[in-house]
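A.B. asks: In the order they appear, the protein sequences are chains S and B. To convert, note that position 75 of the first sequence is 75 in my numbering; the numbers rise steadily by one, no gaps. To convert, note that position 338 of the second sequence is 1338 in my numbering; the numbers rise steadily by one, no gaps. Glycine residues also receive a C-beta, built at the ideal position from the N, C-alpha and C atoms. Note that the coordinates shown come from a computational prediction; the quantities given were computed from them, not determined experimentally.
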Amino acid sequence: MNFESELKKGNFMITECHNCQKIVWPSSEYCNLCFHETDWRESSGIGKILEFSKKDGVFFCLVELEDSIKVIGQISFDNPKAGDRVNIDECGISNNNMFIKFRISK
Amino acid sequence: MPKVAIVGYGQTKFSKEDLKIEKVLMDSTKNLFDNTSNLSQDDIDAVLVSTNNNSKYLSAILSESTGIQPKIAHSIESLCNSGTNAIVSAYSYISSGLADVVLISGAERYDSPGQVLEWDQLRGEFKHPIFWASIFSKSYKRKFSITDEDLALVSVKNHKQSIKNPNALFQKAITVEDVINSRKLTDDLRLLDCSSPCTGGASILLSSETICKNFTDQPIWISGIGQKTTSASFTKNPAFDEMESTKQAARCAFNMSKRNPEQIDVMEVHDAFSVCEPMAIESLGFANHGKGLEVVKDSFLSENPKINPRGGLIGSGHPLGATGIAQTIEIVQQIQSKADKRQVDKADIGLIHNMSAGATSSTVLILEK
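(1) If B:F1273 and B:A1046 are in contact, beta carbons under 8 Å, what's the gap, nearest whole angstrom?
(2) Is the separation between the beta-carbon of S:M98 and that of S:L7 shorter than 7 Å?
(3) Out of S:V24, S:S43 and S:S105, which one is the CA nearest neighbour of S:G10?
(4) Could you give the distance in angstroms between the alpha-carbon of B:Q1161 and the alpha-carbon of B:I1349?
(5) Give the DSSP-derived three-state secondary structure of B:G1201 in the structure shown.
(6) Within 10 angstroms of its Cβ, does B:G1067 collect 16 or more other Cβ (buried), or is it exposed?
(7) Within 10 angstroms of the Cβ of B:A953, are there 16 or more other Cβ atoms? Answer buried if so, exposed if not.
(8) For a quick check, are the C-beta atoms of B:I1104 and B:A1090 less than 7 Å apart?
(9) Kindly list, in the order they appear in chain S, the residues whose Cβ is closer than 9 Å to that of B:L1122.
(10) Let me know if S:F77 comes out buried or exposed under the rule of 16 or more other beta-carbons within 10 Å of its beta-carbon.
(11) Relative to the ligand GDP, is the shortest distance from any of its heavy atoms to the C-beta of B:M1001 smaller than 6 Å?
(12) Please confirm if S:L62 has its CB atom under 7 Å from at least one CB of chain B.
(13) Taking the beta carbon of S:F35 as the centre, do at least 16 other beta carbons fall within 10 Å, making it buried, or is it exposed?
(14) In chain order, which continuous runs of the alpha helix (DSSP H) of length 4 or greater are located wholly inside the region 1014-1088 of chain B?
(15) Quick check on the DSSP output: what are the complete alpha helix (DSSP H) runs of length 4 or more inside the region 1118-1175 of chain B, in order along the chain?
(16) Let me see if you follow: with CB-CB separation under 7 Å, is B:E1125 close to chain S or not?
(17) Starting from S:D39, follow the alpha helix (DSSP H) in both directions and report where the run begins and ends.
(18) Against chain S, with Cβ distances strictly below 7 Å, would B:I1314 count as a contact?
(19) Flag S:E42 as yes if its beta-carbon sits less than 7 Å from any beta-carbon of chain B, otherwise no.
(20) Below 7 Å between beta carbons: does that hold for S:C61 and S:I49?
(21) If B:H1353 sits next to B:T1246, beta carbons under 8 Å apart, how far is it from one beta carbon to the other, in whole angstroms?
(22) How long is the line joining the alpha carbons of B:A1326 and S:G83, rounded to whole angstroms?
(23) Just confirm the distance between the C-beta atoms of B:I1135 and S:E51, as a whole number of angstroms; I'd bet it's less than 8 Å.
(24) Are at least three pairs of beta-carbons, each pair with one atom in the region 1172-1181 of chain B and one in the region 1191-1202 of chain B, less than 8 Å apart?
(25) Helix, strand or coil for B:K1236, going by three-state DSSP, please let me know.
(26) Of all Cβ atoms in chain S, is any one closer than 7 Å to the Cβ of B:S1274?
(27) Between which two residues does the beta strand (DSSP E) carrying B:M1355 extend?
(28) Under 9 Å between beta-carbons, which chain S residues line up against B:D1298? List them in chain order, please.
(29) Looking only at its chain, what residues have a beta carbon closer than 6 Å to the beta carbon of B:G1224, apart from the 5 residues adjacent to it on each side?
(30) Once you ignore the five residues that flank B:S1337 on each side, which residues in its own chain have a CB closer than 6 Å to its CB?
(31) Would you mind telling me which residues of chain S sit closer than 9 Å to B:F1240, beta carbon to beta carbon, in chain order?
(32) CA-CA distance, B:N1304 and B:K1213?
(33) Relative to the alpha-carbon of B:S1050, which residue among B:G1321, B:K1346 and B:I1174 has its alpha-carbon at the smallest distance?
(34) Can you give me the start and stop residues for the beta strand (DSSP E) that B:L1185 sits inside?
(35) Tell me the residue span of the beta strand (DSSP E) that contains S:C91.
(36) Output, in sequence order along the chain, the residues in the region 1131-1142 of chain B whose CB is closer than 8 Å to any CB in chain S.
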């Protein structure tokens, strides 16, 4: 398994080290603390907006997922605020780049 | 530890010209030879090239083109702080005794591949530096109730100062209104808030204490070095309204030099974007968190160009691999009282701050007589 191939299918996967009890991010075959092999799991996709801005009418945001890992993605709703709880709405690869769209959590 | 001096320098004008990287390297190296008395090719033990250019074997090519047969020759790349990384490597070669004299040449083209870090997938589709700069700007503005107009003063100041720098890309005064009315790249960044990629070269010569007087009667000593890389991924910064790698690098450089921020007379800080200047001033220890713009404003109103006297990256242009070297040359000239119209009064001790990839890595150097 690798991050990109799963992302292409719309699955946002992360790696965890069970030896260190930590998420290894960006995803990696080995833990960056103990070098044990990591395990894959799908992210809950739940996070909160840390910061955001807008370019050409599209909001982009820095989101912390699972209170742990940070990524930049798009926001698919208006009037975002720092601290808003969000979920991954859609993810994949476009033009060789990862993309993530977030929607507000109900 | 044996002392290491800066004993010579050369530069090209920063421009948007379509020049071969080898020519840019050669031009600033020739200028260094022209400026440095008694320097011959045989004196040089190591040739280091600082660039993000994809061409191979550039240090050997530069050596051959300039008639040098060095013991050590290689390139150094660390995105925007390649230049000061190369200076630190040269310092290490000299202080270890592996070399007595090291030539460093930094060069970049306007279309440098170092502008975008493709590897950083955590930035998703937002890999261009304007996106991390927007996150920094928004975060800094929100936390300290700072406006776009407040931040625009950085660009106004640095454009004003670059008018007196004959090598600068820009030589035109601008106003806060000009910045605000310039093209809006994102909700939190205008075109005139940004440094501009460009073509340019800067070379510098380092020497051991034993032979430095062969080349200059004004050697400038590197008394403090601090470097820190906290990550490669921008999103792994622990905060977005300050520069953690800069804080750690500054602490290390001040410790090594046994100096403190109050003793620094002049500094070059890495203003890749307007917001970077106050953030750097704070993270280096020159102002409390959120108060960096007061230092910028004081400098502007008092017409004391002690912060980025050559115009910083915003006024001078940003040829990535040459930037850290050009910053260092400016501080050397200031301490030597050879900065012409840019001269800061009583510039005895100076500091250089050079960083890369959204502040994930920083270098801080302290120089003195």
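C.D. replies: Here's the rundown:
(1) The count along the second sequence starts at 1 and reaches residue 1273 of chain B at position 273. The count along the second sequence starts at 1 and reaches residue 1046 of chain B at position 46. Between B:F1273 and B:A1046, the beta carbon gap of about 34 Å keeps them out of contact (Cβ cut-off 8 Å).
(2) The count along the first sequence starts at 1 and reaches residue 98 of chain S at position 98. The count along the first sequence starts at 1 and reaches residue 7 of chain S at position 7. A contact, by the Cβ cut-off of 7 Å.
(3) Within the first sequence, residue 10 of chain S is the residue found at index 10, counting from 1. For S:G10, the nearest C-alpha among the options comes from S:S43.
(4) Residue numbering aside, residue 1161 of chain B sits at position 161 when the second sequence is read from its first letter. Residue numbering aside, residue 1349 of chain B sits at position 349 when the second sequence is read from its first letter. Taking the CA atoms as reference points, B:Q1161 sits about 20 Å from B:I1349.
(5) For the purposes of this step, residue 1201 of chain B is taken as the residue at position 201 of the second sequence. The three-state secondary structure of B:G1201, taken from DSSP, is strand.
(6) Taking the second sequence and counting its residues from 1, one reaches residue 1067 of chain B at position 67. Burial call: exposed.
(7) With chain B covering only 1001 through 1369, there is no way to say anything about residue 953 of chain B.
(8) One-based indexing of the second sequence puts residue 1104 of chain B at position 104. One-based indexing of the second sequence puts residue 1090 of chain B at position 90. Yes, these two residues count as a Cβ contact at 7 Å.
(9) Residue mapping note: residue 1122 of chain B aligns to position 122 of the second sequence, counting from 1. Residues of chain S passing the Cβ test: W25, P26, I69, K70, V71, I72 and M98.
(10) If you number the first sequence from 1, residue 77 of chain S lands on position 77. By the beta-carbon neighbour count (other beta carbons within 10 angstroms, threshold 16), S:F77 is exposed.
(11) For the ligand GDP, the structure offers nothing, since it holds no ligand at all.
(12) For the purposes of this step, residue 62 of chain S is taken as residue 62 along the first sequence, with counting starting at 1. Yes, contact with chain B.
(13) The residue labelled residue 35 of chain S in the question sits at position 35 within the first sequence. An exposed status is given to S:F35, since fewer than 16 other beta-carbon atoms sit within 10 Å of its beta-carbon.
(14) Within the region 1014-1088 of chain B, the complete alpha helix (DSSP H) runs of at least 4 residues are 1021-1035 and 1058-1065.
(15) For the region 1118-1175 of chain B, whole alpha helix (DSSP H) runs of length 4 or above, ordered along the chain, are 1129-1144 and 1148-1162.
(16) By one-based count along the second sequence, residue 1125 of chain B stands at place 125. Cβ-Cβ to chain S under 7 Å: yes for B:E1125.
(17) What you label residue 39 of chain S is simply residue 39 of the first sequence in a count that begins at 1. Segment D39 to E42 is the beta strand (DSSP E) holding S:D39; no alpha helix (DSSP H) there.
(18) Locating residue 1314 of chain B in the second sequence gives position 314, where the first residue counts as 1. Under the Cβ criterion of 7 Å, B:I1314 is not counted among the residues facing chain S.
(19) To locate residue 42 of chain S, count along the first sequence from 1; it is residue 42. No - not a single Cβ of chain B is within 7 Å of the one on S:E42.
(20) For the purposes of this step, residue 61 of chain S is taken as residue 61 along the first sequence, with counting starting at 1. For the purposes of this step, residue 49 of chain S is taken as residue 49 along the first sequence, with counting starting at 1. Yes, they are a contact pair.
(21) Here residue 1353 of chain B refers to the residue found at position 353 when the second sequence is read from its first residue. Here residue 1246 of chain B refers to the residue found at position 246 when the second sequence is read from its first residue. For B:H1353 against B:T1246, the beta-carbon gap comes to about 6 Å, under 8 Å, which counts as contact.
(22) Counting from 1 along the second sequence, the entry for residue 1326 of chain B is found at position 326. Counting from 1 along the first sequence, the entry for residue 83 of chain S is found at position 83. Rounded to whole angstroms, B:A1326 to S:G83 spans 41 Å at the Cα level.
(23) Numbered from its first residue, the second sequence carries residue 1135 of chain B at position 135. Numbered from its first residue, the first sequence carries residue 51 of chain S at position 51. With a beta-carbon spacing of about 5 Å, B:I1135 and S:E51 fall inside the 8 Å limit used to define contacts.
(24) Yes, they touch.
(25) Position 236 of the second sequence, counted from the start, is the residue given in the question as residue 1236 of chain B. Residue state, collapsed to three classes: helix.
(26) Within the second sequence, numbered from 1, the residue matching residue 1274 of chain B stands at position 274. With respect to chain S, the C-beta atom of B:S1274 has no partner C-beta closer than 7 Å.
(27) Here residue 1355 of chain B refers to the residue found at position 355 of the second sequence. Bounds of the beta strand (DSSP E) holding B:M1355 are I1349 to S1356.
(28) As a first step, residue 1298 of chain B must be located in the second sequence, where it is residue number 298. Within 9 Å Cβ-Cβ: nothing; B:D1298 doesn't reach chain S, min ~29 Å.
(29) Along the second sequence, read from residue 1 onward, the residue named residue 1224 of chain B stands at position 224. Within its own chain, the residues whose Cβ lies closer than 6 Å to the Cβ of B:G1224, once the five positions on either side in sequence are excluded, are A1253, M1256, S1257 and I1366, listed in chain order.
(30) Position 337 of the second sequence holds residue 1337 of chain B. Excluding residues within five positions, none has a Cβ falling inside 6 Å.
(31) Taking the second sequence and counting its residues from 1, one reaches residue 1240 of chain B at position 240. Those are L50, E51 and L62, listed as they occur along chain S.
(32) In the second sequence, the residue the question calls residue 1304 of chain B occupies position 304. In the second sequence, the residue the question calls residue 1213 of chain B occupies position 213. A straight-line Cα-Cα distance of about 32 Å links B:N1304 and B:K1213.
(33) Against the second sequence, residue 1050 of chain B aligns to sequence position 50. Of the candidates B:G1321, B:K1346 and B:I1174, the one whose C-alpha sits nearest the C-alpha of B:S1050 is B:G1321.
(34) By 1-based counting over the second sequence, the position of residue 1185 of chain B is 185. In the DSSP assignment, B:L1185 falls within the unbroken beta strand (DSSP E) covering K1184 to T1186.
(35) Taking the first residue of the first sequence as 1, we reach residue 91 of chain S at position 91. Per DSSP, the unbroken beta strand (DSSP E) holding S:C91 starts and ends at R85 to S94.
(36) Of all residues in the region 1131-1142 of chain B, F1131, S1134, I1135, S1137, K1138, S1139 and R1142 have a Cβ within less than 8 Å of some Cβ in chain S.
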